[in-house]
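**Student:**
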Amino acid sequence: MRGIIPAMIPILYHYEASPFAELVRAAFGVKGLTWGSLLVPRIMPKPDQTQLTGAYGRTPVVQIGADIYCDTGAILPALESLPGPSLYPAPLGPLHRLVASWANGPQFFAHVGAAMGGMTPEMMGEDFIKDRQARFGMDLAALGRAAPHLAGQALVASQLLSDTLSDGRAFIGGDEPGAGDLALYSNIWFVKAVPTAAANSAAMLALPGVEDWFARMAGFGHGERREMTADDALAAARAATPATISGGVDAPYVAGMMVGVAQEGTKDAPSVGRLLRCCSTGISIAREVEDGLTAHVHFPRLGQVVAPA
Numbered sequence: 021m022r023g024i025i026p027a028m029i030p031i032l033y034h035y036e037a038s039p040f041a042e043l044v045r046a047a048f049g050v051k052g053l054t055w056g057s058l059l060v061p062r063i064m065p066k067p068d069q070t071q072l073t074g075a076y077g078r079t080p081v082v083q084i085g086a087d088i089y090c091d092t093g094a095i096l097p098a099l100e101s102l103p104g105p106s107l108y109p110a111p112l113g114p115l116h117r118l119v120a121s122w123a124n125g126p127q128f129f130a131h132v133g134a135a136m137g138g139m140t141p142e143m144m145g146e147d148f149i150k151d152r153q154a155r156f157g158m159d160l161a162a163l164g165r166a167a168p169h170l171a172g173q174a175l176v177a178s179q180l181l182s183d184t185l186s187d188g189r190a191f192i193g194g195d196e197p198g199a200g201d202l203a204l205y206s207n208i209w210f211v212k213a214v215p216t217a218a219a220n221s222a223a224m225l226a227l228p229g230v231e232d233w234f235a236r237m238a239g240f241g242h243g244e245r246r247e248m249t250a251d252d253a254l255a256a257a258r259a260a261t262p263a264t265i266s267g268g269v270d271a272p273y274v275a276g277m278m279v280g281v282a283q284e285g286t287k288d289a290p291s292v293g294r295l296l297r298c299c300s301t302g303i304s305i306a307r308e309v310e311d312g313l314t315a316h317v318h319f320p321r322l323g324q325v326v327a328p329a
């Protein structure tokens, strides 16, 4: 549905095929949230997104008022403060972050190989290939050669998941799903969505307990989705004031200095702003988007490179 979007509901910048966007969409479902959907291209440029992030072009990004959260490592902690079930439920609690960090880190690349290793250049599209080569150094020939190894690594993750579920628990931590489940789910979802990877996804889902767990995760749905435009999102930012920052600035950085925040393993330009926070809880910068509009852009600490601008 399309209509007036309340200023403080989360707005997701995404494209449908993104596995990390699916992670966030599934998180909305777990929490039962209403959210704004702002579709962006799968390749750069993404002007509707970067007008607020500065230069951050990865998917997804979540906007809540005048606060912009980049990377699922920053997005899920932000969603935790919204109404609905916890994304870090007991008894695992913060251990969900450890599982998610592993699943979204080395295991994500394994699932990329399991999903895309058998795709042809025609299936990917020339524009996608050029974008990923320029930004991430993607080598299609090398990916194809590594695909059997990577598919094997991804299958190990599903075996570990199966072993965890073998005592009859519904989710990796017990009766309630959390961030670790979401990360593992989005990886398998990615492989399952690619027709040429059907054998790989079938092997993963065939392991005891995994298919039923996957169905339970999918059963949460995506919450209530409302389509919106970049103008809607900008209006929501103008109507809000950035939230108060918690956390300090660790040496050698100094609060208030101008910095650029870039991502490891990418050639994307950094997002530049005034440093508000840089510690184990995350990174935050203030960006003057336009006259009268200051946005706070937030990143996780892991995977980010901070340098004087």
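All residue numbers in the sequence shown are consecutive under the numbering used here, ending with 329.
Think of the CB as a built atom: it goes at the ideal place given N, C-alpha and C, for glycine as much as any other residue.
Do the segment 76-94 and the segment 36-46 touch if we need at least three Cβ pairs shorter than 8 Å?
**Tutor:** A contact is defined here as three or more CB-CB pairs under 8 Å, and the segment 76-94 meets this definition with respect to the segment 36-46.
**Student:** When we look at the beta-carbon of HIS131 and count the other beta-carbons within 10 Å, is it buried (16 or more) or exposed?
**Tutor:** Its Cβ being crowded by 16 or more others within 10 Å, HIS131 is buried.
**Student:** If you count every other CB in all the chains shown that lies within 10 Å of the CB of ASP87, and 16 or more means buried, which is it?
**Tutor:** buried
**Student:** Where GLU284 and MET237 are concerned, what is the direct C-alpha to C-alpha distance, given to the nearest angstrom?
**Tutor:** 30 Å
**Student:** Go ahead and label GLY145 buried or exposed: buried means 16 or more other beta carbons lie within 10 angstroms of its beta carbon, across all protein chains shown.
**Tutor:** Answer is exposed; the Cβ neighbour count stays below 16.
**Student:** So for THR286, helix, strand or coil by DSSP?
**Tutor:** DSSP places THR286 in coil when its eight states are reduced to three.
**Student:** Quick one: grab the DSSP three-state call for TYR205.
**Tutor:** helix
**Student:** Flag this pair as yes or no: are the beta carbons of GLY229 and LEU185 separated by less than 8 Å?
**Tutor:** yes
**Student:** DSSP beta-bridge partners for MET278?
**Tutor:** DSSP output for MET278 lists ARG294 as bridge partner(s).
**Student:** Of the residues TYR35, THR73, VAL317, VAL214, which one's Cα is nearest the Cα of GLY137?
**Tutor:** VAL214
**Student:** Please state the DSSP three-state secondary structure of GLY302.
**Tutor:** strand
**Student:** Write down the C-beta distance between SER291 and GLY74 rounded to the nearest angstrom, noting that I regard them as a contact closer than 8 Å.
**Tutor:** 3 Å
**Student:** Go to ALA217, then tell me how far its alpha helix (DSSP H) extends in each direction, as first and last residue.
**Tutor:** Here ALA217 belongs to no alpha helix (DSSP H), and DSSP marks it neither H nor E.
**Student:** For VAL60, I'd like the list of residues in its chain whose CB is within less than 8 Å of its CB, leaving aside the five on either flank, ordered along the chain.
**Tutor:** TYR33, HIS34, TYR35, LYS66, ASP68, GLN69, THR79
**Student:** Write down the C-beta distance between ALA260 and GLY85 rounded to the nearest angstrom, noting that I regard them as a contact closer than 8 Å.
**Tutor:** 3 Å
**Student:** Should ASP183 be flagged as near chain D, meaning a C-beta pair shorter than 8 Å?
**Tutor:** Judged by its chain identifiers, the structure shown contains no chain D, having just a single protein chain.
**Student:** Expressed to the nearest angstrom, what Euclidean distance is found between the alpha-carbon atoms of MET21 and ILE31?
**Tutor:** Annotation note: pLDDT 37 at MET21 (below 50); position unreliable, coordinate value reported separately. Roughly 14 Å separates the two Cα atoms.
**Student:** Please tell me whether VAL50 and PRO97 are closer than 8 Å, where the distance is taken between their beta carbons.
**Tutor:** no
**Student:** Along the chain, where does the alpha helix (DSSP H) that runs through SER182 open and close?
**Tutor:** 160-185
**Student:** Between which residues of its own chain and ILE24 is the CB-CB distance below 7 Å, once the five residues before and five after are set aside?
**Tutor:** Annotation note: pLDDT 49 at ILE24 (below 50); position unreliable, no value reported.
**Student:** If you check the beta carbons only, do ALA174 and VAL211 fall under 8 Å apart?
**Tutor:** Yes, the Cβ-Cβ distance between ALA174 and VAL211 is below 8 Å.
**Student:** Whose CA, out of SER300, ARG297, VAL279, SER221, lies closest to the CA of ALA289?
**Tutor:** VAL279
**Student:** Can you tell which of ASN207, VAL281, GLY125, LYS287 has its C-alpha closest to the C-alpha of ALA306?
**Tutor:** VAL281
**Student:** Buried or exposed: where does GLN324 fall if 16 or more other Cβ atoms within 10 Å of its Cβ makes it buried?
**Tutor:** With 16 or more other CB atoms across the displayed protein chains lying within 10 angstroms of its CB, GLN324 is buried.
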